[in-house]
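Okay, structure first, notes after.
2 protein chains.
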Amino acid sequence: MHFRPLHALLAAAFLCAAPAALATEQTDDMVTPSAATEAPSAWVTLGTVGGPQPVANRNEPANLLLVGNDAHLVDVGDGAATSMIRAGVQYADLRSIWISHIHFDHIGGLFGVLGLRLQTRTETPLTIYGPPGTQEIVDGLLAAMQPSARSGFGVPGEQSIDPAASITVRELDDGDVVNLGSDTVRVANNTHYSFEAGTPEEEYYRSLSFRFDLADRSIVYTGDTGPSEAVTELARGADMLVTEVIDLEHTMRRIRANAQNMPSPVVEQMRQHLSTHHVTTDDIGRMAQAAGVGQVVVTHFAGGANSSATGLARYVAEIKVHYDGPVQVANDMDQF
Amino acid sequence: MHFRPLHALLAAAFLCAAPAALATEQTDDMVTPSAATEAPSAWVTLGTVGGPQPVANRNEPANLLLVGNDAHLVDVGDGAATSMIRAGVQYADLRSIWISHIHFDHIGGLFGVLGLRLQTRTETPLTIYGPPGTQEIVDGLLAAMQPSARSGFGVPGEQSIDPAASITVRELDDGDVVNLGSDTVRVANNTHYSFEAGTPEEEYYRSLSFRFDLADRSIVYTGDTGPSEAVTELARGADMLVTEVIDLEHTMRRIRANAQNMPSPVVEQMRQHLSTHHVTTDDIGRMAQAAGVGQVVVTHFAGGANSSATGLARYVAEIKVHYDGPVQVANDMDQF
């Protein structure tokens with residue numbers, strides 16, 4: 497092996513990443529790209545609960561898509577860097593990040609990923625895909641990384657890395673198609689936002705669903721969405737639908753219990769909004785059946801049971817009322 | 497109770513934070529400040545391993561200082577927001593954040609904390625204390641929060657919150673004294689950085705240790721430091737010393753095993769740097785004894801055992817060679 501400059505070795509060693517980083521480099525040399533792409537793809541649900549209120553047993557939304565030696569993050573909730581490494585991915589393996597929408601429960605971990613990646617002096621190209629606003633977000637994070645990049649490990653003579661040098665941002669909109677190596681990603685606007693048509697907000701802000709057409713299968717990720725014909729169309733014939741869920745009745749019960757004086761019209765407005773920004777088990781069953789997907793994976797639990805076996809089994813049973821295929825409930829670090 | 501505007505209620509409810517947020521507001525009304533400050537302080541080690549390489553069983557550096565109803569984060573590693581809430585703190589309880597130095601394993605979770613706090617529409621004042629560079633970091637993060645702040649929950653008519661409105665930054669240097677309510681925080685530069693004297697880097701960049709003098713006790717947090725007379729002086733007579741540690745010999749063995757061709761002078765340089773930027777059990781024992789602290793809590797494990805009972809017991813035994821008082825090894829979510 498050849499030696500990197502002393503400051504790079506020191507930099508890694510100071511924080512104990514040297515052994516892992518070196519091991520990764522050696523491994524990379526031994527695996528050819530062609531062999532890598534033949535491995536089956538994997539979808540790892542790193543975080544499976546909707547935020548912004550963290551819960552005890554599930555992390556906020558983040559997923560890993562593994563294709564050969566390449567790793568892709570799909571949403572980046574708080575703690576995503578830690579979860580990604582725990583799933584066996586090294587910083588240098590990360591090729592792209594896909595942001596479904598810019599709520600902080602889906603992007604809260606982005607600074608950690610970019611910063612820790614820099615701290616290991618990882619300079620492999622990384623593309624960040626997301627809705628309009630993503631460039632502004634990443635620009636802010638890169639600006640926030642500058643003092644740490646300049647000071648590095650506090651070693652005299654250390655050569656600093658420009659945080660922006662390896663990062664590309666591409667903002668997406670409805671109907672976009674992205675080539676990801678030999679694979680294809682298709683993008684659809686969904687109904688998680690309900691700005692009024694024709695307003696500047698409606699013109700600009702997007703919540704996106706993604707379809708990953710890979711060599712071995714197709715995976716659709718709803719992100720956060722209400723019932724949406726566009727998402728159903730995106731999912732048509734897909735092998736796997738990874739979908740959010742809301743337990744609307746449970747959420748409404750909690751709201752009523754915590755705000756007993758809330759006027760009925762306000763309660764009704766809340767129900768209306770919740771039911772159009774998120775999907776219930778009923779919505780999921782109908783969407784999955786209409787799209788003819790091969791299997792359903794439920795994640796991003798919101799408002800209801802997220803740990804009890806009975807509660808989770810109820811989600812599956814309710815989805816199966818309308819959908820004939822297999823349904824699985826995701827836990828953190830599950831692989832599909 | 498009075499009702500907040502519909503968009504605020506909706507905002508919280510969309511992401512299931514409404515019940516918690518409402519409950520918190522009610523609780524706040526019932527507790528008087530004077531009663532609150534009489535409760536004993538608590539130090540919670542949210543994350544106890546040095547980064548940037550996450551490990552399976554410990555999160556990256558973050559701590560909570562709880563004084564009455566007030567919560568203070570001391571370093572903010574990846575996933576700190578999730579850990580903070582799991583420790584029972586609500587976003588509105590967070591009064592200040594203390595950054596020891598700007599390595600990403602100590603600040604990777606800051607965007608998550610600020611963003612998720614905004615997503616629950618928390619507007620209580622929050623002060624971020626840290627070394628030079630902190631203002632630039634926070635400015636970047638606040639800029640990165642703008643698109644999400646503007647688009648909010650995607651509800652027509654929602655009133656957006658300026659992410660910067662409730663945030664104050666105060667940069668610190670050696671000898672600074674900060675009043676935190678009726679408590680006092682003292683600041684000392686430590687030796688985690690080794691820029692050459694007189695260089696611009698040495699003039700600007702700081703790694704800090706903090707001493708919290710509270711009503712019921714005094715706590716010194718080393719952050720990352722090498723052996724340092726300033727830190728020993730800061731810790732003089734403190735009730736509790738929360739210190740980092742490096743297992744230097746284990747780290748050097750791993751480096752040698754992973755880079756067997758590394759020339760001896762390079763190995764020796766690495767040892768030299770590691771031993772001056774971090775403290776070994778030997779250093780800790782001598783520092784604790786010289787300062788006469790009441791107890792030692794070891795965190796920020798780097799390079800050696802971090803899970804086996806035997807390995808952890810060895811840290812304690814080695815520190816006790818020089819130090820007469822009690823020594824505890826911290827795990828994530830331990831309270832001291």
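Chains A and B are the protein sequences, given in the same order. For what it's worth, our numbering labels the leading residue of the first sequence as 497, then goes sequentially. For what it's worth, our numbering labels the leading residue of the second sequence as 497, then goes sequentially. C-beta atoms are modelled at their ideal positions from N, C-alpha and C, and glycine is treated no differently.
Can you look up residue i in the DSSP assignment and give me helix, strand or coil?
i, result
"L744 of chain A", "helix"
"S705 of chain B", "strand"
"M580 of chain B", "helix"
"A552 of chain A", "coil"
"D566 of chain B", "strand"
"D695 of chain B", "Going by the sequence as given, residue 695 of chain B is Thr instead of Asp. T695 of chain B falls in the coil class under three-state DSSP."
"R682 of chain A", "strand"
"Q544 of chain B", "The question names Gln, yet the displayed sequence has Thr at residue 544 of chain B. If DSSP states are grouped into helix, strand and coil, T544 of chain B belongs with coil."
"D820 of chain B", "coil"
"A538 of chain B", "strand"
"V763 of chain A", "helix"
"V727 of chain B", "helix"
"Y717 of chain B", "strand"
"Q768 of chain A", "helix"
"N757 of chain B", "coil"
Step through the CB atoms of chain B and report whether any lies within less than 8 Å of the CB of residue i.
i, result
"H599 of chain A", "yes"
"S690 of chain A", "yes"
"V823 of chain A", "no"
"Q642 of chain A", "yes"
"P652 of chain A", "yes"
"I633 of chain A", "yes"
"L704 of chain A", "no"
"Q549 of chain A", "yes"
"H796 of chain A", "no"
"D658 of chain A", "no"
"A577 of chain A", "yes"
"E697 of chain A", "yes"
"G719 of chain A", "no"
"S771 of chain A", "no"
"F607 of chain A", "yes"
Does the beta carbon of residue i come closer than 8 Å to any beta carbon on chain A?
i, result
"R582 of chain B", "yes"
"A552 of chain B", "yes"
"T616 of chain B", "yes"
"S724 of chain B", "no"
"Y701 of chain B", "yes"
"D571 of chain B", "no"
"S803 of chain B", "no"
"N555 of chain B", "yes"
"A639 of chain B", "yes"
"G807 of chain B", "no"
"S647 of chain B", "yes"
Among the options, whose alpha-carbon lies nearest the alpha-carbon of residue i?
i, options, result
"H796 of chain B", "B:T776, B:T578, B:T806", "B:T776"
"V683 of chain B", "B:L668, B:S690, B:F691, B:P696", "B:L668"
"R613 of chain B", "A:P548, A:M748, A:I598", "A:P548"
"D709 of chain A", "A:V673, A:D830, A:T721, A:S690", "A:V673"
"P822 of chain A", "A:I603, A:D828, A:A813", "A:A813"
"K816 of chain A", "A:H769, A:A583, A:V789", "A:V789"
"L637 of chain A", "A:S656, A:I603, A:R617, A:T616", "A:I603"
"A538 of chain B", "B:N559, B:N802, B:T687", "B:N559"
"Y819 of chain A", "A:A535, A:A753, A:M783", "A:M783"
"T544 of chain B", "B:P550, B:P696, B:R554, B:A535", "B:R554"
"Y700 of chain B", "B:F706, B:S803, B:S690", "B:S690"
From which residue to which residue does the beta strand (DSSP E) around residue i run?
i, result
"F797 of chain A", "792-798"
"L610 of chain B", "Segment 606-615 is the alpha helix (DSSP H) holding L610 of chain B; no beta strand (DSSP E) there."
"A637 of chain B", "Going by the sequence as given, residue 637 of chain B is Leu instead of Ala. Segment 630-647 is the alpha helix (DSSP H) holding L637 of chain B; no beta strand (DSSP E) there."
"R713 of chain B", "It is not in any beta strand (DSSP E) - R713 of chain B carries neither H nor E in the DSSP assignment."
"R456 of chain B", "Given a span of 497 to 832 for chain B in the structure shown, any question on residue 456 of chain B remains unanswerable."
"L622 of chain B", "622-626"
"I668 of chain B", "The sequence shown places Leu at residue 668 of chain B, not Ile. Note, L668 of chain B: premise wrong, no beta strand (DSSP E); not H, not E."
Starting from residue i, trace the alpha helix (DSSP H) both ways and give me its first and last residue.
i, result
"A805 of chain B", "805-816"
"S592 of chain A", "Where S592 of chain A is concerned, there is no enclosing alpha helix (DSSP H), although the beta strand (DSSP E) it sits in stretches over 590-594."
"H602 of chain B", "600-603"
Nearer than 7 Å: is that true of the beta carbon of residue i relative to any heavy atom of the ligand GTP?
i, result
"G543 of chain B", "The ligand GTP is absent from the structure shown, which contains no ligands of any kind."
Subject >> Three or more C-beta pairs below 8 Å linking the region 564-580 of chain B and the region 601-608 of chain A >> reply: yes
Subject >> Cβ contact (3+ pairs, closer than 8 Å) linking the region 766-776 of chain A and the region 714-730 of chain A >> reply: yes
Original post:
Quick check: the region 588-600 of chain A against the region 579-596 of chain B, are there 3 or more CB pairs under 8 Å?
Top reply: no
Original post:
Are the region 638-646 of chain B and the region 625-633 of chain A in contact at 8 Å, needing three or more beta carbon pairs?
Top reply: yes
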